[in-house]
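Trainee: Using UniProt numbering, you'd call the opening residue of the sequence shown number 1 and step up by one each time. Just so you know, even glycine gets a beta-carbon here, dropped at the ideal spot from N, CA and C. It should be emphasised that the depicted structure is a prediction, and the values quoted were computed from it without experimental measurement.
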Amino acid sequence: MSETTSASTKLSRRSLLGKSSTIAVAAAGSAWAASCDTGSESAAVEDGTAPASPGSQGDRLVLLGTGGGPIWWPGTDRRGFAAAVVANEKVYLIDCGAGVGERLKQAYLVPPEKQKPDRSGGLEQLRGVFLTHLHSDHTIDYFNLFLYGWFNGLRDVESPVDVYGPGRRGELEPVFTPPGKKASEPPVINPENPTPGTVDMTEYLYQAYALDVNDRMRDGGQPNLRDLVHVHDIDPPLPQGFDPNETPAPSMDPFLVHEDENVRVTATLVDHRPMFPAFGFRFDTPSGSVVFSGDTCRSENLIELARDCDLLVHEVISWDYINRASSPAGRNHLLQSHTPVDQVGRVAADCGARTLVLAHIVPGNCPDEKLLAAQEGYTGELVIGRDLMQIPLRG
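1) From residue 248 to residue 130, what distance separates their C-alpha atoms?
2) Using alpha carbons as the reference points, say which of 274, 168, 152 and 141 lies closest to residue 116.
3) Starting from the C-beta of residue 17, find all residues in its chain whose C-beta is less than 7 angstroms away, skip the five residues before and the five after it, and write them out in chain order.
4) How big is the Cα-Cα spacing for residue 218 and residue 207?
5) Per the DSSP calculation, residue 233 is bridged to which residue(s)?
6) Beta carbon of residue 169, beta carbon of residue 250: below 8 angstroms?
7) Three-state secondary structure (DSSP) at residue 206?
8) Grouping DSSP H, G and I as helix and E and B as strand, with all else coil, what is residue 153?
9) Which residue spans inside the UniProt domain "Metallo-beta-lactamase" (79-145) form an unbroken alpha helix (DSSP H) run of at least 4?
10) Return the chain-ordered list of same chain residues with a C-beta closer than 6 angstroms to the C-beta of residue 197, the five sequence neighbours on each side being excluded.
11) For residue 308, which of helix, strand or coil comes out of DSSP?
12) With residue 178 and residue 328 assumed to form a contact (beta carbons below 8 angstroms), what rounded beta-carbon distance in angstroms separates them?
13) Once the 5 residues before and after residue 223 are set aside, which same chain residues still bring their CB inside 7 angstroms of it?
14) Look up residue 188 in the DSSP assignment and say whether it is helix, strand or coil.
15) Under DSSP, the alpha helix (DSSP H) around residue 337 begins and ends at which residues?
16) Measuring CA to CA, which of 263, 301, 216 and 227 is closest to residue 254?
17) Which residues does DSSP pair with residue 288 in a beta bridge?
18) Within the same chain, show all residues whose beta-carbon is closer than 8 angstroms to that of residue 188, passing over the 5 residues directly before and after it, in chain order.
19) Count the other CB atoms, across all protein chains shown, that sit within 10 Å of the CB of residue 175; report buried if there are 16 or more and exposed otherwise.
20) Residue 223 bridges to which residues according to DSSP?
21) Measuring CB atoms only, is the segment 292-300 touching the segment 309-316, in the sense that at least three cross pairs come out at less than 8 angstroms?
22) Three-state secondary structure (DSSP) at residue 346?
23) I need the boundaries of the alpha helix (DSSP H) containing residue 322, first residue and last residue.
24) For the segment 121-130 against the segment 63-71, do three or more pairs of beta-carbon atoms, one drawn from each stretch, fall closer than 8 angstroms, so that the two count as touching?
25) Does the beta-carbon of residue 104, which I'm using as the reference point, lie nearer than 7 angstroms to any heavy atom of the ligand PLP?
26) Assign residue 103 to one of two classes, buried (16 or more other C-beta atoms within 10 Å of its C-beta) or exposed (fewer than that).
27) Among 101, 87, 209 and 161, which one has its Cα closest to the Cα of residue 111?
28) What number of angstroms, rounded off, separates the C-alpha of residue 40 from the C-alpha of residue 84?
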């Protein structure tokens, strides 16, 4: 793990609060609105306008994209998964699904005193980017933050943005073969490095966009992107003799990834087999704690990471979608690496999360009434996530 530790701040943790309620949020025209703390305050963002409600200021969770999977879901405005934790006005981004740049621009997470009349910025407050794993639906717009960020506030960040993500897998996974079938070995892409990590991926993207990057710097006068963004591979503590094909998420204690004056970020390995490494992240701020499951089936590591958290942002998949998988390989992947909707509530209950927030919803157009099954086994608050929803943290 690359070390990036600045001023240490003692961070408070909140214990589980009392009454439970279920919050199912519906769309009204182009606006998403949510009552995010037992109905007492609301936080809304309307079609790209700046948040006006007091409830949307301060430390908070911002859901940028709540759909899951590499699919443009019909009949819904959910974009690919991405979220942000805003702590002391600084923005910490989790994953970069399809549309993340546009959603960041719409949320416009810039404090009033730093806002530009023409909204030509938007990324000035970006402090960190955390990638749970390197599936395309979590990284597809990652490099957009670099290329478009030049023109949307990235060049005005106070300090370089730290990017943290998985390192190299180390070896290719075996080919999945349904019972009674013969394995067919597909071609290997980039055989010299077939399982690249985040640093590798970023370097390949620099190479792929070399013409554009060189032109912007030489003719457009843009600053060097490498001076604005520092990329790190996360190195998890692995047991001796570890095999990613056998146990991709061995039992472990949460470990430190990043700490600064605003937030402490810890991580753990979760089970999104055969994808490895795959991480869950916890963000502790003076106002509260937010945990992101990443993509995973039920994970004991995640439950340990999420003990007594304020907000648990957990992926979810409907049984209807699992049952209509078009191939044995597809169904096998969904069952082994995702959490069905009627099981996620028990995860939230077992870790003592005050509020369960559903995101990375598969299918992205799943009706709310089917997602309410996530309440099973859980007596805390349930929030069905919507794009641009903002949920305040209150310490």
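Mentor: On the basis of the supplied data:
1) One alpha carbon belongs to residue 248, the other to residue 130, and they sit about 19 angstroms apart.
2) Nearest option by C-alpha distance: 152.
3) Only weak support exists for where residue 17 lies, its pLDDT of 28 falling under 50; the value from the coordinates is given anyway. Closer than 7 angstroms at Cβ, skipping near neighbours: 354.
4) Answer to the nearest angstrom: the Cα atoms are 16 angstroms apart.
5) 165
6) no
7) helix
8) coil
9) 100-107 and 136-139
10) 166, 167, 168 and 233
11) Taken through DSSP and simplified to helix, strand or coil, residue 308 comes out as coil.
12) 4 angstroms
13) 155
14) DSSP places residue 188 in coil when its eight states are reduced to three.
15) Residues 328-337.
16) 301
17) Looking at the DSSP assignment, residue 288 forms a beta bridge with 285.
18) For residue 188, where only same-chain residues beyond five positions count, the Cβ hits under 8 angstroms are 172 and 194.
19) exposed
20) Bridge partners of residue 223: none, in fact.
21) yes
22) Residue state, collapsed to three classes: helix.
23) 319-323
24) no
25) The ligand content of the structure shown is nil, which means the ligand PLP is not present either.
26) Under a 10 Å Cβ-count criterion, residue 103 is classified as buried, with 16 or more other Cβ atoms of the shown protein chains found around its own Cβ.
27) 87
28) With a pLDDT of 28 at residue 40, under the threshold of 50, the predicted position of this residue should be treated as unreliable, and no value is reported.
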